[in-house]
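There are 2 protein chains.
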Amino acid sequence: MNEESVGVEARQVWLKRIESLCGERGLQLTALRRQILMLIAGAGAPLTAYALIDALAQAQGRPVAPPTVYRTLDFLVENGFVVRVESRNAFAICDAPGHHHHGVMLICTKCGTTAEVDNHDLDALLLQTASASGFRLEKQMVELEGICERCERLGPL
Amino acid sequence: MNEESVGVEARQVWLKRIESLCGERGLQLTALRRQILMLIAGAGAPLTAYALIDALAQAQGRPVAPPTVYRTLDFLVENGFVVRVESRNAFAICDAPGHHHHGVMLICTKCGTTAEVDNHDLDALLLQTASASGFRLEKQMVELEGICERCERLGPL
DNA sequence: TCGTGATGTGTTACAATATATCATTCTAGC
DNA sequence: GCTAGAATGATATATTGTAACACATCACGA
Numbered sequence: 025m026n027e028e029s030v031g032v033e034a035r036q037v038w039l040k041r042i043e044s045l046c047g048e049r050g051l052q053l054t055a056l057r058r059q060i061l062m063l064i065a066g067a068g069a070p071l072t073a074y075a076l077i078d079a080l081a082q083a084q085g086r087p088v089a090p091p092t093v094y095r096t097l098d099f100l101v102e103n104g105f106v107v108r109v110e111s112r113n114a115f116a117i118c119d120a121p122g123h124h125h126h127g128v129m130l131i132c133t134k135c136g137t138t139a140e141v142d143n144h145d146l147d148a149l150l151l152q153t154a155s156a157s158g159f160r161l162e163k164q165m166v167e168l169e170g171i172c173e174r175c176e177r178l179g180p181l
Numbered sequence: 025m026n027e028e029s030v031g032v033e034a035r036q037v038w039l040k041r042i043e044s045l046c047g048e049r050g051l052q053l054t055a056l057r058r059q060i061l062m063l064i065a066g067a068g069a070p071l072t073a074y075a076l077i078d079a080l081a082q083a084q085g086r087p088v089a090p091p092t093v094y095r096t097l098d099f100l101v102e103n104g105f106v107v108r109v110e111s112r113n114a115f116a117i118c119d120a121p122g123h124h125h126h127g128v129m130l131i132c133t134k135c136g137t138t139a140e141v142d143n144h145d146l147d148a149l150l151l152q153t154a155s156a157s158g159f160r161l162e163k164q165m166v167e168l169e170g171i172c173e174r175c176e177r178l179g180p181l
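As given, the protein sequences belong to chains V and P, one line each in that order. Residue numbering for the first sequence is 25 to 181, as defined by my numbering. Residue numbering for the second sequence is 25 to 181, as defined by my numbering.
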């Protein structure tokens, strides 16, 4: 359906980055966590927890229970390695790993791919918008749905 | 837990506005739809579908099945009378009813209340951010979590 | 008047997403 | 090796959402 979202080499670089962050922070990048990271990175689009459960069961030849996967996802999200796409109940790689998520998620309704973009002005404006209402901002979620460039080019159908 | 989000009179005005929009557009504001609108409007915070199911069962003295409620919510969301809060799987009134939702949702993590604010600059910036990536924007979801002014004033606890 | 189609609601069954709880295993550091 | 904390396994269940079909109502033209 989709080409892979990141090339194999890019994925390796990205994983290295996460490994080193884990080193710095004293976090354990266990086999399971690594495996889930690579599954998400290798998918062309965000994966749901249950898609991961299936993929893991496939890969390991035995069932993996939901709590196991959700816990791992919690870890990955908390540490900014993965982002939860709220409007899809799915998880995507965070391509500025380690920062707490702070970007805009562009979600193509045709092919399902997502792209993350950062925009400092936008962040500032969101903060200002919140402050103007006396609201102390702690976490932002910006998800935009539409048609990605590639699908737009490929035309209708 | 919460005071009501809108006073009774304000709620009436708001319902009138929706009634007239339905008139203009040839939509039927049936008893069930009206009842669900009022339940959402009367709650201090967004309601989940199942909270509505319970409330309706209470009010009507007989069970109401999920599809009934979800269909009604679909109608209300499609027509811009209610907004779905993605990060909470819940539904809140849209206080510029009839426009397709386009605002920023401020969600207090302490008391659970939400407030909707519009910001034209923000919309423009989002559109620009999407365009810059060749993305054709169709729908935006901006949800900000934090502490609302009231909870901030009332202090820790 | 009688269809007939469009719309809204009821009902049953089930699918998909997520969490609570307790048991077990692993690992780092002593 | 021991032990405390972290990570994972396992079972059960809670929460959120849909598919599919039946029934009811109403407007409108034959």
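Note that CB positions come from ideal geometry on N, CA and C, so glycine has one too.
1) Give me the chain V residues within the contact set of Glu-162(P), using Cβ-Cβ distance strictly less than 9 Å, ordered along the chain.
2) To the nearest angstrom, report how far apart Asn-26(V) and Gly-170(V) are at their CA atoms.
3) Quick one, which of Glu-43(V), Arg-35(V) and Arg-86(V) has its alpha-carbon nearest Ile-64(V)'s?
4) Given the structure, does Asp-145(P) come close to the ligand MN, in the sense that its CB is under 6 Å from one of the ligand's heavy atoms?
5) Cutting at 8 Å between CB atoms, please list the residues of its own chain near Asp-142(V), excluding the five before and the five after it.
6) Do Gly-122(P) and Gly-104(P) have their C-beta atoms closer together than 7 Å?
7) Hey, would you say Pro-70(V) sits closer than 7 Å to Thr-138(V), going by beta carbons?
8) Is the segment 150–166 of chain V touching the segment 173–180 of chain P, taking contact as three or more C-beta pairs under 8 Å?
9) Could you check which residue in Pro-87(V), Val-166(V), Ala-75(V) and Val-32(V) has the C-alpha nearest to that of Ile-131(V)?
10) Any beta-carbon of chain P closer than 7 Å to the one on Val-141(V)?
11) Give a yes or no on whether the C-beta atoms belonging to Leu-150(V) and Gln-164(V) are separated by under 7 Å.
12) Taking the beta strand (DSSP E) that Leu-53(P) belongs to, which residues open and close that run?
13) Pick helix, strand or coil for Lys-40(P), following the three-state DSSP scheme.
14) What separation, rounded to the nearest whole angstrom, lies between the Cα atoms of Val-88(V) and Glu-48(V)?
15) Mind checking Arg-108(P): buried by the 16 CB within 10 Å criterion, or exposed?
16) Under the assumption that Leu-263(V) contacts Leu-61(V) (Cβ atoms under 8 Å), give the Cβ distance between them as a whole number of angstroms.
17) Find the nearest neighbour of Ala-114(V) within the set Gln-59(V), Ala-75(V), Thr-54(V) and Arg-41(V), judged by alpha-carbon distance.
18) Three-state secondary structure (DSSP) at Phe-159(V)?
19) At 7 Å on the CB atoms, spell out the chain V contacts of Val-128(P), in chain order.
20) In the DSSP assignment, find the beta strand (DSSP E) that holds Cys-132(V) and state where it starts and stops.
21) At a Cβ threshold of 7 Å, is Glu-176(P) touching chain V?
22) For a quick check, are the C-beta atoms of Leu-100(V) and Val-106(V) less than 7 Å apart?
23) Taking the DSSP output, what are the residues bridged to Glu-140(P)?
24) Looking at Thr-96(V): is its Cβ nearer than 7 Å to the Cβ of Arg-41(V)?
25) Output the residue ranges of the alpha helix (DSSP H) runs that lie fully inside the segment 53–89 of chain V and measure 4 residues or longer, sorted by chain position.
26) Looking only at its own chain, which residues have a Cβ that is under 6 Å from the Cβ of Ala-154(P), when we skip the five neighbours before and after it?
27) When Cβ atoms are compared, which residues of the segment 53–67 of chain V fall closer than 9 Å to chain P?
28) Return the residue from the list Ala-55(P), Gly-179(P), Thr-54(P) and Leu-80(P) that minimises the CA-CA distance to Cys-135(P).
29) Which residues does DSSP pair with Val-21(V) in a beta bridge?
30) Nearest-angstrom Cα distance between Gln-52(V) and Glu-43(V)?
31) Is the CB of Asn-26(P) under 7 Å away from at least one CB in chain V?
32) Is the beta carbon of Ser-111(V) less than 7 Å from the beta carbon of Glu-110(P)?
33) Chain P partners of Gly-158(V), CB-CB under 8 Å?
Quick look at the numbers:
1) By one-based count along the second sequence, residue 162(P) stands at place 138. Neighbours of Glu-162(P) on chain V, chain order: Thr-133, Leu-168, Glu-169, Gly-170 and Ile-171.
2) Position 2 of the first sequence, counted from the first residue, corresponds to residue 26(V). Position 146 of the first sequence, counted from the first residue, corresponds to residue 170(V). Reliability of the predicted coordinates at Asn-26(V) is poor, the pLDDT of 44 falling under 50, and the value obtained from them is presented with this limitation in mind. Their backbone Cα atoms lie some 17 Å apart in a straight line.
3) Translated into positions along the first sequence, residue 64(V) becomes position 40. Of the candidates Glu-43(V), Arg-35(V) and Arg-86(V), the one whose C-alpha sits nearest the C-alpha of Ile-64(V) is Arg-35(V).
4) The ligand MN is not among the ligands present in this structure, which contains no ligands whatsoever.
5) As a working note, residue 142(V) is residue 118 in the first sequence. The residues are Ala-120, His-126, Gly-127 and Val-128.
6) Indexing the second sequence from 1 puts residue 122(P) at position 98. Indexing the second sequence from 1 puts residue 104(P) at position 80. Yes, the Cβ-Cβ distance between Gly-122(P) and Gly-104(P) is below 7 Å.
7) Here the question's residue 70(V) lines up with position 46 in the first sequence. Here the question's residue 138(V) lines up with position 114 in the first sequence. A Cβ-Cβ contact shorter than 7 Å links Pro-70(V) with Thr-138(V).
8) yes
9) As a first step, residue 131(V) is located in the first sequence; it is residue number 107 there, counting from the start. If we check each option's Cα against that of Ile-131(V), Val-166(V) comes out closest.
10) Residue 141(V) sits at position 117 when you count from the first residue of the first sequence. Closer than 7 Å to some Cβ of chain P, the Cβ of Val-141(V) qualifies, so yes.
11) Numbered from its first residue, the first sequence carries residue 150(V) at position 126. Numbered from its first residue, the first sequence carries residue 164(V) at position 140. Closer than 7 Å, so yes.
12) By 1-based counting over the second sequence, the position of residue 53(P) is 29. Here Leu-53(P) belongs to no beta strand (DSSP E), and DSSP marks it neither H nor E.
13) Counting from one through the second sequence, the residue named residue 40(P) turns up at place 16. Note: Lys-40(P) maps to helix in three-state DSSP.
14) Residue mapping note: residue 88(V) aligns to position 64 of the first sequence, counting from 1. Residue mapping note: residue 48(V) aligns to position 24 of the first sequence, counting from 1. Each residue's alpha carbon lies about 30 Å from the other.
15) As a position in the second sequence, residue 108(P) is number 84, starting the count at 1. Burial call: buried.
16) The first residue shown for chain V is 25 and the last is 181, placing residue 263(V) beyond what the model contains.
17) Taking the first sequence and counting its residues from 1, one reaches residue 114(V) at position 90. It is Ala-75(V).
18) The residue given as residue 159(V) occupies position 135 in the first sequence. It is coil, neither helix nor strand.
19) Taking the second sequence and counting its residues from 1, the one referred to as residue 128(P) is at position 104. Residues of chain V passing the Cβ test: Thr-153.
20) To locate residue 132(V), count along the first sequence from 1; it is residue 108. Cys-132(V) -> beta strand (DSSP E) spans 128–132.
21) The residue labelled residue 176(P) in the question sits at position 152 within the second sequence. The beta carbon of Glu-176(P) falls within 7 Å of a beta carbon belonging to chain V, placing the residue at that interface.
22) Looking up residue 100(V) in the first sequence gives position 76. Looking up residue 106(V) in the first sequence gives position 82. For Leu-100(V) and Val-106(V), yes; Cβs fall inside 7 Å.
23) Position 116 of the second sequence, counting from 1, holds the residue named residue 140(P). DSSP lists Met-129(P) as partners of Glu-140(P).
24) In the first sequence, the residue the question calls residue 96(V) occupies position 72. In the first sequence, the residue the question calls residue 41(V) occupies position 17. Taking 7 Å as the Cβ cut-off, Thr-96(V) and Arg-41(V) do not qualify as a contacting pair.
25) 55–66 and 73–84
26) Along the second sequence, read from residue 1 onward, the residue named residue 154(P) stands at position 130. Result list for Ala-154(P): Leu-161, in chain order.
27) none
28) Position 111 of the second sequence holds residue 135(P). With distances taken between Cα atoms, Cys-135(P) lies closest to Gly-179(P).
29) Past the boundaries of the shown model lies residue 21(V); chain V is included only from 25 to 181, so the question cannot be answered.
30) In the first sequence, the residue the question calls residue 52(V) occupies position 28. In the first sequence, the residue the question calls residue 43(V) occupies position 19. The alpha-carbon atoms of Gln-52(V) and Glu-43(V) are separated by roughly 9 Å.
31) For the purposes of this step, residue 26(P) is taken as the residue at position 2 of the second sequence. With a pLDDT of 44 at Asn-26(P), under the threshold of 50, the modelled position of that residue is not reliable, and the figure given next carries that caveat. By this cut-off, Asn-26(P) is not an interface position.
32) To locate residue 111(V), count along the first sequence from 1; it is residue 87. To locate residue 110(P), count along the second sequence from 1; it is residue 86. Contact flag set, yes.
33) For the purposes of this step, residue 158(V) is identified with residue 134 of the first sequence, where counting begins at 1. By Cβ distance, chain P contributes Cys-172, Glu-173 and Glu-176.
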